[in-house]
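One structure is given here, and the rest of the page talks about it.
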């Protein structure tokens, strides 16, 4: 992250004696990226974070993804997926996947178990509902429109708190998810042209210390090649025993409602909506905004073919002016793959002329390797979507 945080109790100097009230040493843990060569934080535990008493294989049933073949655009209706009685981690339903990321959806009402993703960072977008996210760094409250960025290997769990299921879109990366480099100075400060800044970010502000023994933690980790493996560790003491931490690596939250749209006299391309970047993918936010003000402007997007990427759009609020007549609705996901030219529905360009603003809310994920489809994606697919452009105006 671009700035330093200090939470709870820490010693004056790193890697020095820091004693508990009974005189014993706190256990210092360095959590760092890229070996010892990038962002890190130091956490101070009451107990040894290395003490486990059990390690067992665990195998969630997600199936294997299959290529998008024959090639065609897809429409997935996430609200048709079952699972509201599950939890927000093990209840995730994978929809799309490649070697760089996996895109899943969850509708859950139960607390998740403690969980650690040892493969990469996660971006959890809250479509609806509220939750408390408990982590070894402290707790965070999230609600509709929040992006939660969870650093790789952080132990956490998600506890839904409202009377509605917690609906989340999850991007699991094989690397790190950060703000776009072009928004940051060489020292990591958000620049003036960035559509959001440090003031818009939330992170834990006090330790979360939980008592407990023989505590299970589910770990997703690397296997052979592209394989993803799971292991259930049993920790001797509860891993939420951190009395203080400091550094530049920690979970944080940004609300899509705090994204300041960049607009222009004629239609602006999707990179102006970019919010995060990951290894071979980007995440963008489409928010309510004033639209193009050239007297001859056509506000909806032109037909386009992103030859290097697959485009995923998650529709999460408002009206979708360019997609009227296609069946797109709240909770829809569209996949427009490389090799297919896509654009507005017939009639949308003419209808949009003279519009002054769009009231739409959507999350876009562009991947630079082709996405494959997972079994739950087929369960909720609108199989007629690919042919909707052939209808007359």
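Residue numbers (full-length UniProt numbering): 1 to 393. Beta carbons are placed, not taken as given, at the ideal position from N, Cα and C, and that holds for glycine. Computed from a predicted structure; not experimentally measured.
Pairwise C-alpha distance: residue j and residue i
{"i": "residue 34", "j": "residue 101", "result": "19 Å"}
{"i": "residue 92", "j": "residue 105", "result": "6 Å"}
{"i": "residue 281", "j": "residue 25", "result": "43 Å"}
{"i": "residue 358", "j": "residue 29", "result": "48 Å"}
{"i": "residue 90", "j": "residue 60", "result": "8 Å"}
{"i": "residue 241", "j": "residue 182", "result": "37 Å"}
{"i": "residue 265", "j": "residue 285", "result": "20 Å"}
{"i": "residue 215", "j": "residue 239", "result": "8 Å"}
{"i": "residue 407", "j": "residue 77", "result": "What the structure shows of the chain is the stretch from 1 to 393, and residue 407 is not part of that stretch, so it cannot be assessed."}
{"i": "residue 466", "j": "residue 261", "result": "Beyond the ends of the chain as shown, which are 1 and 393, falls residue 466; an answer cannot be given."}
{"i": "residue 343", "j": "residue 308", "result": "16 Å"}
{"i": "residue 312", "j": "residue 346", "result": "20 Å"}
{"i": "residue 304", "j": "residue 124", "result": "28 Å"}
{"i": "residue 11", "j": "residue 129", "result": "39 Å"}
{"i": "residue 355", "j": "residue 294", "result": "11 Å"}
{"i": "residue 380", "j": "residue 54", "result": "38 Å"}
{"i": "residue 42", "j": "residue 115", "result": "20 Å"}
{"i": "residue 175", "j": "residue 153", "result": "11 Å"}
{"i": "residue 227", "j": "residue 368", "result": "20 Å"}
{"i": "residue 119", "j": "residue 263", "result": "36 Å"}
{"i": "residue 103", "j": "residue 170", "result": "6 Å"}
{"i": "residue 39", "j": "residue 113", "result": "27 Å"}
Selection from the options that minimises the alpha carbon distance to residue i
{"i": "residue 107", "options": "158, 254, 55, 232", "result": "158"}
{"i": "residue 4", "options": "150, 250, 69", "result": "250"}
{"i": "residue 163", "options": "228, 143, 232, 73", "result": "143"}
{"i": "residue 196", "options": "167, 209, 38, 257", "result": "257"}
{"i": "residue 390", "options": "341, 378, 375, 371", "result": "341"}
{"i": "residue 371", "options": "336, 360, 191, 388", "result": "336"}
{"i": "residue 98", "options": "68, 127, 81, 126", "result": "68"}
Exposed unless 16 or more other CB atoms sit within 10 angstroms - verdict on residue i
{"i": "residue 179", "result": "buried"}
{"i": "residue 394", "result": "In the structure displayed, the chain extends from 1 to 393; residue 394 sits before or after that span and is not available."}
{"i": "residue 348", "result": "buried"}
{"i": "residue 122", "result": "buried"}
{"i": "residue 145", "result": "buried"}
{"i": "residue 235", "result": "buried"}
{"i": "residue 187", "result": "exposed"}
{"i": "residue 172", "result": "buried"}
{"i": "residue 211", "result": "exposed"}
{"i": "residue 22", "result": "exposed"}
{"i": "residue 133", "result": "buried"}
Close-in-space but distant-in-sequence residues of the same chain around residue i (CB under 7 Å, 5 per side omitted)
{"i": "residue 20", "result": "26, 46"}
{"i": "residue 352", "result": "298, 299, 300, 321"}
{"i": "residue 382", "result": "75, 77, 327"}
{"i": "residue 206", "result": "7, 8, 138"}
{"i": "residue 290", "result": "263, 356, 357"}
Own chain, CB closer than 6 Å to residue i, minus 5 neighbours either side, in chain order
{"i": "residue 315", "result": "328, 332, 362"}
{"i": "residue 86", "result": "108"}
{"i": "residue 223", "result": "229"}
{"i": "residue 377", "result": "76, 95"}
{"i": "residue 325", "result": "345"}
{"i": "residue 72", "result": "386"}
Sequence-distant residues of its chain with Cβ nearer than 8 Å to residue i (five each side left out)
{"i": "residue 111", "result": "87, 157, 158, 159, 160"}
{"i": "residue 204", "result": "7, 135, 137, 138, 139, 140, 250, 251"}
{"i": "residue 237", "result": "46, 47, 48, 51, 212, 213, 215"}
The ligand GDP heavy atom lying under 7 Å from the CB of residue i
{"i": "residue 302", "result": "Only the bare structure without any ligand can be found here, which leaves the ligand GDP out of the picture."}
In chain order, which continuous runs of the alpha helix (DSSP H) of length 4 or greater are located wholly inside the stretch 31-113? none
Quick check for students: name the residue ranges of the alpha helix (DSSP H) that lie wholly in the UniProt domain "Homogentisate 1,2-dioxygenase C-terminal" (281-389), counting only runs of 4 or more. 348-352, 375-379
Only counting runs of 3 or more residues, tell me where the beta strand (DSSP E) segments fall wholly within the stretch 215-287, in order along the chain. 228-237, 242-247, 252-255, 274-278, 281-286
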